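Per the working numbering, the very first residue in the sequence shown carries number 662; after that it's consecutive.
Where is the CB? At the ideal position from N, CA and C, for every residue including glycine.
In this text, all values refer to a predicted model and were calculated from it rather than measured experimentally.
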Amino acid sequence: MRILLLKPRWLVKDGVYRFLTHISFEPLHLGILAALSEGHDVTIVDHDWDEIPNDRDFDLVGITATTFSSQRAFDLADGFRQKGAKVVIGGVHACLMPEECLQHADAIVIGEAEYVWPQLLKDAATGALKPTYQQSQPTVMDDVPIPRRDLFRPNPLVGMIQATRGCHHTCKFCYLPHVPWHQHRRRSPDKVYEELKGMKQSIVFFVDDNLFVDEDYALALCEKIAPLKKAWSVQAPTTITKNLRLLRAMQKSGCFFVQVGFQTVHPDSLARAGVVQNRVETYREVVRRFHQHGILVQGFFIFGFDNEDSRIFPTAETCIKQMGLEDALLYILTPYPGTPIYDQLKQQGRLLAFDREKFGWANAVFQPARMTPQELERGVQSTYENLHSFFKWQAPRRILNPKWLPFFLRHPRILWVVLQALNRRVKILRD
């Protein structure tokens, strides 16, 4: 069969910040499906970068959908079905709203696909597709094949890899506890090593939601991959800074940058969101410990919890500036379907019009308790602009700091990426 595997554009629609016009990672999940499609003619399209080959006919089209890309996924699916192709929809949205996805597809995959994809291909080839495919058990991570990176758009700078799936936290705003792959599982360090060894890029980002659920595993992984001398980054929880042995192993193995979900600077907001692992009073120490081990830190922060009014913005700005971060990303609380926050807001009648393209953490899609949606959006926008100016002037000091300058000189491509990102933000703010 001629198979198209497609990731729709992840556009940020009318967001309160415009630094990010699209979000793009190598579509590892599509590369895995391609590896499981031996004997078929497979094309992968990341619509953030690639045009859809409308001049070609496909027998089967697989589309991955998030909530905020779902309308584009449905439009594409409807178009391919009109041309006679069979369409399969998977991804987060197929788990959260399966009935809706089935209205636009011949079949959906709920959850992971490694164990059902081969049967789905057989059914498609014989004209016997079932409406729904769902694994009876979670994927064993060592069963996951190496993605078909030869089908990706070439990225000479940064490669993506996954060592674990799932997360043991139950944050109320997060969809992960409500999808089939929430259970945390690990690939053996040997498997990760072999995949990394075959990757051409010297800079690698681990796409794991939480690589550090098992800190002994994370330590073993760092020790295994250290000889490869890759520069790597990852999302990391605040709690690992208590484990100095792990931090030393991360530094030795090439970790240079972490993204940390501090989530909020308000203790009551942490409690309301179920973020039990964070403590506001430890934030500066968390950043300091990462810095002690040569690791740069970008913080994630969410605004819009029910206890917050407009005073949260100057408070957050001051706190974030004092933390010593290299950068911060600010998000508006977004209630994904299937999460406790979504159910609560729906019951209270506080959800605004369900425009899927605004469910990308950059728009107020609900009525906040103590401010208007416009105040929430303007507050995040203003805080973002103030912080960007602050971080822009801090960047040269970071780069020229004796602690990090040798690293940037060894990895000039990373320095180039940092400078390009800063220049792009400056241009957008100026425009």
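To the nearest angstrom, report how far apart Ile-750 and Pro-1067 are at their CA atoms. Taking the sequence shown and counting its residues from 1, one reaches residue 750 at position 89. Taking the sequence shown and counting its residues from 1, one reaches residue 1067 at position 406. Roughly 46 Å between the two C-alpha positions.
CB contact flag (Asp-767, Val-748, <9 Å): As a working note, residue 767 is residue 106 in the sequence shown. As a working note, residue 748 is residue 87 in the sequence shown. Yes. Within cutoff.
Alpha helix (DSSP H) runs wholly inside the stretch 871-921, at least 4 long, in chain order: 876-886 and 905-914
Classify Ser-863 as buried or exposed, calling it buried when 16 or more other Cβ atoms lie within 10 Å of its own Cβ. As a first step, residue 863 is located in the sequence shown; it is residue number 202 there, counting from the start. Label assigned to Ser-863: buried.
Just to confirm before moving on: does the CB-CB distance between Asn-871 and His-839 stay below 9 Å? By one-based count along the sequence shown, residue 871 stands at place 210. By one-based count along the sequence shown, residue 839 stands at place 178. For Asn-871 and His-839, no; Cβs fall outside 9 Å.
Assuming Ile-993 is part of the alpha helix (DSSP H), what are its boundary residues? By one-based count along the sequence shown, residue 993 stands at place 332. From DSSP, Ile-993 is part of no alpha helix (DSSP H) but of the beta strand (DSSP E) over 988-993.
Validate contact between the stretch 775-783 and the stretch 1033-1042 using beta carbons, cut 8 Å, 3 pairs: no
Quick check on this structure: which residue in Leu-818, Gly-915 and Gln-1028 has the alpha carbon closest to the alpha carbon of Glu-969? Taking the sequence shown and counting its residues from 1, the one referred to as residue 969 is at position 308. By alpha-carbon distance to Glu-969, the top candidate from Leu-818, Gly-915 and Gln-1028 is Gln-1028.
Which stretch, first to last residue, makes up the alpha helix (DSSP H) that contains Asp-929? Along the sequence shown, one-based indexing puts residue 929 at 268. Where Asp-929 is concerned, the enclosing alpha helix (DSSP H) stretches over 928-934.
Return the first residue and the last residue of the alpha helix (DSSP H) that Ile-705 is part of. Taking the sequence shown and counting its residues from 1, the one referred to as residue 705 is at position 44. Counting along the chain, Ile-705 falls outside any alpha helix (DSSP H), though it belongs to the beta strand (DSSP E) covering 702-707.
Three Cβ pairs or more, each shorter than 8 Å: is that satisfied between the stretch 811-820 and the stretch 690-703? Contact between the stretch 811-820 and the stretch 690-703 is present, because at least three Cβ pairs lie under 8 Å.
What are the start and end residues of the alpha helix (DSSP H) that includes Leu-689? As a first step, residue 689 is located in the sequence shown; it is residue number 28 there, counting from the start. It spans 689-696 - the alpha helix (DSSP H) in which Leu-689 sits, taken as one unbroken run.
From Thr-925 to His-845, what does the alpha carbon distance come to, in whole angstroms? Residue mapping note: residue 925 aligns to position 264 of the sequence shown, counting from 1. Residue mapping note: residue 845 aligns to position 184 of the sequence shown, counting from 1. If I take the Cα positions, the gap works out to 25 Å.
The stretch 975-986 in contact with the stretch 928-940 per 3-pair CB rule at 8 Å: At 8 Å Cβ cutoff, the stretches do not touch.
Report the rounded CA-to-CA distance for Glu-760 versus Glu-1046, giving the unit in angstroms. For the purposes of this step, residue 760 is taken as residue 99 along the sequence shown, with counting starting at 1. For the purposes of this step, residue 1046 is taken as residue 385 along the sequence shown, with counting starting at 1. Between Glu-760 and Glu-1046, the C-alpha separation is close to 40 Å.
Return the chain-ordered ranges of every alpha helix (DSSP H) run that is complete within the stretch 745-797 and spans a minimum of 4 residues. 753-757, 759-763 and 778-786
For Met-821: DSSP bridge partner residues: The sequence position of residue 821 within the sequence shown is 160, counting from 1. Answer by DSSP bridge pairing, in chain order: Phe-866.
Own chain partners of Arg-848 with C-beta closer than 8 Å, once the 5 adjacent residues on each side are dropped: Reading the sequence shown from its first residue, position 187 is the one you call residue 848. Excluding positions up to five away in sequence, the list reads Met-802, Asp-803, Val-805, Gln-823, Ala-824 and Thr-825.
Between the Cα of Ser-731 and those of Ile-1002, Gln-795 and Leu-763, spot the shortest distance and give me the residue it belongs to. Residue numbering aside, residue 731 sits at position 70 when the sequence shown is read from its first letter. Here the closest residue by C-alpha is Leu-763.
Who are Ile-664's beta bridge partners in DSSP? Mapped onto the sequence shown, residue 664 falls at position 3. Its beta-bridge partners are Val-703 and Leu-721.
Reduced DSSP category for Pro-669 - H, G, I as helix; E, B as strand; rest coil: Here residue 669 refers to the residue found at position 8 of the sequence shown. Pro-669: coil per DSSP, three-state reduction.
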